[in-house]
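In case it helps, this note's numbering puts the sequence shown at residues -2 to 142.
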Amino acid sequence: MAIWKRGRRLFSTAAILMLLTAALHTIGNLAGRPDAGAQEKVFNDMGNLHFPLGMGMNPSLRDVYWDLVFTMSITFAALGLVNLVVAGCAEVGPDILRRMSWVNALWVGVFVILNVKYQIPPPLISGVVIELVVIASLLVRPKTV
């Protein structure tokens, strides 16, 4: 399988970590919380605050929240899948994988900074782990045959 060939392993591992992050993010946000009473009140209040955004749409703050929750999950899953598809193509050479690793390092790095700024530990931890694997993939040079 091409994704596990030398020079692609760390790239593929980072992609799988992106998929895992997407799954855990979704599960974590759908799971019940110990402070369900307080959370329910806040979510009800969020549901009462609406924003007229045009096109006849007037979402609540709760609607916006859930949209962003699922957007993160979908985005992480999509990027992880794209990376796995590219890593699985034998025709894709190390130069393209290296360029994609730089793109991954950039977006994951910005994601980490965002989670540091807003002090959100679960995605921060996932982001740091993914970033370390992506950076490792940039440091390891594939051997030429």
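We put the CB at the ideal spot given by N, CA and C, even for glycine.
Going by beta carbons, residue 19 and residue 98 fall outside the 9 angstroms limit. In this structure, residue 27 sits away from residue 119, with a CB-CB distance that is not shorter than 9 angstroms.
Around the beta carbon of residue 41, fewer than 16 other beta carbons lie within 10 angstroms, which makes this residue exposed. Nearest neighbour of residue 132 by Cα position, chosen from -1, -2, 12, turns out to be 12.
Minimum Cα-Cα distance from residue 23 among the listed residues 87, 5, 57, 74 corresponds to 74. In terms of Cβ geometry, residue 84 and residue 5 form a close pair [threshold 9 angstroms].
Leaving aside the five residues that flank residue 108 on each side, the residues in its chain whose CB is nearer than 6 angstroms to its CB run, in chain order, 124. Residue range 118 to 136 is occupied by the alpha helix (DSSP H) that includes residue 128.
Counting the other CB atoms within 10 Å of its CB gives residue 15 a total of 16 or more, which places it among the buried residues. If you draw a straight line from the Cα of residue 130 to the Cα of residue 37, it comes to about 38 angstroms.
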